[in-house]
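Trainee: Numbering (my numbering), first residue to last: 1 to 565.
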């Protein structure tokens with residue numbers, strides 16, 4: 001058995017199977033499956049899709065899928081119940097183009113007879129046969145960062161030249177799975193010269209356009225020849241070309257071209273290539289959309305807008321201290337900044353459904369940048385749609401992702417406040433049915449200390465807790481002391497090294513309103529594990545759950561008692 005699971009089993013008395021006969025049916029002794037397959041978030045405010053919100057509702061998850069959503073849901077006895085009375089649930093975010101966990105392909109070796117005017121495809125940055133999954137590491141910390149910002153699904157884009165390869169769609173779930181939803185979902189293309197060099201053809205944007213036309217037309221001819229040869233006799237055998245074969249799904253319109261663009265000039269160039277050749281087009285990135293709205297609408301191209309926004313330092317410049325020339329230049333920069341903030345609203349006003357991409361942005365800026373876009377004309381419903389169902393539709397996964405509905409994948413975010421509220425924080429993320437818990441930071445509320453403690457919520461004292469597990473119940477104690485504006489505490493638990501109890505310091509004790517969270521370390525078998533606890537305090541009762549990273553969450557209930565020894 002995985003030693004980490006063995007330790008956690010002893011700590012929390014979590015038997016991964018009840019008997020030998022139940023091993024295959026209920027659990028995987030390697031710890032790579034959900035410990036409990038049924039989870040209920042109870043009495044939350046649930047937004048199932050943009051504009052559709054159900055108060056005091058419950059979502060039931062079973063084996064990674066949404067089993068039911070509503071106000072009168074029957075919760076099975078075996079379900080792990082998480083009280084979410086003060087929480088807000090939304091569909092998990094979907095990233096239209098991400099580099100999270102994506103490595104680089106090895107550079108090709110330059111041939112001895114290399115001709116920069118007519119280089120081999122790989123030297124020219126033309127590698128459509130590459131699959132981004134071949135350089136994807138699903139244990140990369142970037143995935144944790146983006147999941148912590150609410151993203152549960154992403155389309156991965158490969159790094160490379162003008163035609164860098166095929167994308168793939170993955171879910172940010174448990175590390176023990178490949179988490180692949182689809183491969184070869186789109187072809188990644190950009191206006192980038194051969195290996196970034198202007199000395200090798202194609203080395204300029206116009207060279208890229210010419211080379212793309214050439215490759216695309218040759219692919220059409222090769223595809224036609226191959227199909228005729230397969231259905232008729234008397235034809236010469238077609239030559240096999242891996243570049244053309246890799247592009248067959250594009251010319252057959254089975255997958256789109258994901259064209260990276262920076263401004264309206266590159267948008268027009270991409271639209272021109274689409275009009276000439278007829279492929280399906282998704283514009284990635286871009287700016288100055290207001291200048292090309294009509295062209296985009298007539299082309300039926302789809303758009304993935306970057307969540308990245310420019311730095312706002314220039315907006316704070318003191319104009320009176322600048323020369324006349326610098327004032328004019330600064331004003332132009334400020335106007336460009338304001339325009340960039342309104343790009344999403346321009347697309348919404350024009351009726352162009354669009355999604356978001358994390359390309360070029362930072363995970364920690366997600367909510368801040370969303371609020372800035374809404375402050376500059378984007379509606380809240382359109383913002384949520386761009387994060388969820390619109391992107392799901394662009395990626396072709398709308399049948400099982402993008403909204404919260406019975407039968408869809410259990411991907412959702414659980415917040416402490418409405419989505420665009422300045423005080424909102426992510427408390428849980430559910431990806432592929434697995435729960436990931438996050439610390440909710442304390443905020444000053446003007447009526448108490450920095451922990452939000454206004455005197456009515458006294459958590460200091462002695463508590464007794466039980467944790468319900470598939471094997472029964474485990475128990476222990478919490479002793480919490482208030483020291484100034486913060487708390488310290490000790491938790492006891494079943495000793496993993498033998499009989500009796502062990503104890504550990506409670507870390508990061510945070511009380512935000514009625515929401516209590518903390519963590520503690522368990523040392524056993526030469527390993528150190530972190531257990532996270534979160535719950536809601538109601539008088540002398542605490543209802544919540546404790547979790548160990550990827551191994552699942554388990555119900556926990558505590559009652560405050562008079563201190564005695």
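Using N, Cα and C, we set each Cβ at its ideal position, and we do this for glycine too. All figures in this text were calculated on a predicted structure; none of them were measured in a lab.
#1: Check each candidate in 402, 488, 414 and 374 and name the one with the smallest Cα separation from residue 385.
#2: Could you give the first and the last residue of the continuous alpha helix (DSSP H) run that contains residue 220?
#3: Give the C-beta separation of residue 372 and residue 305 to the nearest angstrom, bearing in mind that I take them to be a contact with Cβ-Cβ under 8 Å.
#4: To the nearest angstrom, report how far apart residue 503 and residue 424 are at their CA atoms.
#5: Counting along the chain, where does the beta strand (DSSP E) carrying residue 512 start and finish?
#6: Do you know how far the Cα of residue 531 is from the Cα of residue 90?
#7: Could you pull the start and end residues of the alpha helix (DSSP H) that residue 393 belongs to?
#8: Nearest to residue 110 by alpha carbon, out of 104, 188 and 119?
#9: Do you know whose CA, among 416, 521, 399 and 243, lies nearest residue 408's CA?
#10: Taking residue 249 as part of the alpha helix (DSSP H), name the residues at either end of that continuous run.
#11: Measuring straight from C-alpha to C-alpha, what distance separates residue 555 and residue 62?
#12: Short of 6 Å in beta carbon distance, which residues of its chain neighbour residue 308, apart from the five on each side in sequence? Order them along the chain.
#13: Please determine, among 478, 482, 486 and 483, the residue with the shortest C-alpha to C-alpha distance to residue 492.
#14: If you drop the 5 nearest sequence neighbours on each side, which residues of the same chain put their C-beta closer than 8 Å to that of residue 146?
#15: Helix or strand or just coil, what does DSSP make of residue 257?
#16: Report the rounded CA-to-CA distance for residue 54 versus residue 414, giving the unit in angstroms.
#17: Mind checking whether residue 390 and residue 82 have CB atoms under 8 Å apart?
#18: With distances taken Cα to Cα, identify the nearest neighbour of residue 462 among 483, 489 and 258.
#19: Thinking C-alpha only, which one of 543, 84 and 190 is nearest residue 466?
#20: How many Å lie between residue 393 and residue 256 at the Cα?
#21: Please say whether residue 121 and residue 243 have beta carbons closer to each other than 8 Å?
#22: Could you tell me the alpha carbon to alpha carbon distance between residue 537 and residue 130, rounded to whole angstroms?
#23: Please work out which residues of its chain come closer than 6 Å, Cβ to Cβ, to residue 434, disregarding the five sequence neighbours upstream and downstream, and give them in chain order.
#24: Please classify residue 432 as buried or exposed, where buried requires at least 16 neighbouring CB atoms within 10 angstroms.
#25: Among 103, 127, 176 and 126, which one has its Cα closest to the Cα of residue 142?
Mentor: For this structure:
#1: Within the chain shown, numbered from 1, the residue matching residue 385 stands at position 385. Distance from the Cα of residue 385 is smallest, within the candidate group 402, 488, 414 and 374, for 402.
#2: Here the question's residue 220 lines up with position 220 in the chain shown. Here the alpha helix (DSSP H) through residue 220 covers 205 to 231.
#3: Here residue 372 refers to the residue found at position 372 when the chain shown is read from its first residue. Here residue 305 refers to the residue found at position 305 when the chain shown is read from its first residue. Rounded, the Cβ-Cβ distance is 13 Å, inconsistent with contact.
#4: By 1-based counting over the chain shown, the position of residue 503 is 503. By 1-based counting over the chain shown, the position of residue 424 is 424. For residue 503 and residue 424, the distance between alpha carbons rounds to 33 Å.
#5: By one-based count along the chain shown, residue 512 stands at place 512. Where residue 512 is concerned, the enclosing beta strand (DSSP E) stretches over 501 to 512.
#6: Position 90 of the chain shown holds residue 90. Position 531 of the chain shown holds residue 531. So the two alpha carbons sit approximately 26 Å from each other.
#7: By 1-based counting over the chain shown, the position of residue 393 is 393. Residues 389 to 395.
#8: As a first step, residue 110 must be located in the chain shown, where it is residue number 110. Closest in alpha carbon position to residue 110, among 104, 188 and 119, is 119.
#9: On the chain shown, position 408 is the one that residue 408 refers to. Answer by Cα proximity: 399.
#10: By one-based count along the chain shown, residue 249 stands at place 249. Taken as a continuous stretch (DSSP letters only), the alpha helix (DSSP H) holding residue 249 covers 242 to 251.
#11: In the chain shown, residue 555 corresponds to position 555, counting from 1. In the chain shown, residue 62 corresponds to position 62, counting from 1. Taking the straight line joining both Cα atoms gives about 16 Å.
#12: Position 308 of the chain shown, counted from the first residue, corresponds to residue 308. Excluding residues within five positions, the ones whose Cβ falls inside 6 Å are 360 and 361.
#13: Counting from 1 along the chain shown, the entry for residue 492 is found at position 492. Comparing Cα-Cα distances from residue 492 to each of 478, 482, 486 and 483, the minimum goes to 478.
#14: The sequence position of residue 146 within the chain shown is 146, counting from 1. These residues qualify, in order along the chain: 95, 98, 100, 154, 172, 358 and 363.
#15: Translated into the one-based positions of the chain shown, residue 257 becomes position 257. Strand, per DSSP.
#16: Along the chain shown, one-based indexing puts residue 54 at 54. Along the chain shown, one-based indexing puts residue 414 at 414. The alpha-carbon atoms of residue 54 and residue 414 are separated by roughly 14 Å.
#17: Counted from its first residue, the chain shown places residue 390 at position 390. Counted from its first residue, the chain shown places residue 82 at position 82. Against a cut-off of 8 Å, the Cβ pair of residue 82 and residue 390 comes out as no contact.
#18: To locate residue 462, count along the chain shown from 1; it is residue 462. Among 483, 489 and 258, the Cα nearest to that of residue 462 is on 489.
#19: Walking along the chain shown from the start, residue 466 turns up at place 466. Looking at the Cα atoms, 543 is the closest of the given residues.
#20: If you number the chain shown from 1, residue 393 lands on position 393. If you number the chain shown from 1, residue 256 lands on position 256. Residue 393 and residue 256: Cα-Cα distance of roughly 13 Å.
#21: On the chain shown, residue 243 is found 243 positions in, with the first residue counted as 1. On the chain shown, residue 121 is found 121 positions in, with the first residue counted as 1. Going by C-beta atoms, residue 243 is nearer than 8 Å to residue 121.
#22: In the chain shown, counting from the first residue as 1, residue 537 sits at position 537. In the chain shown, counting from the first residue as 1, residue 130 sits at position 130. One C-alpha to the other measures close to 52 Å.
#23: Within the chain shown, residue 434 is the residue found at index 434, counting from 1. 173 and 174.
#24: Translated into positions along the chain shown, residue 432 becomes position 432. Of the residues assessed, residue 432 falls on the buried side of the cut-off, its CB having 16 or more other CB atoms within 10 angstroms.
#25: For the purposes of this step, residue 142 is taken as the residue at position 142 of the chain shown. It is 103 whose Cα lies nearest to the Cα of residue 142.
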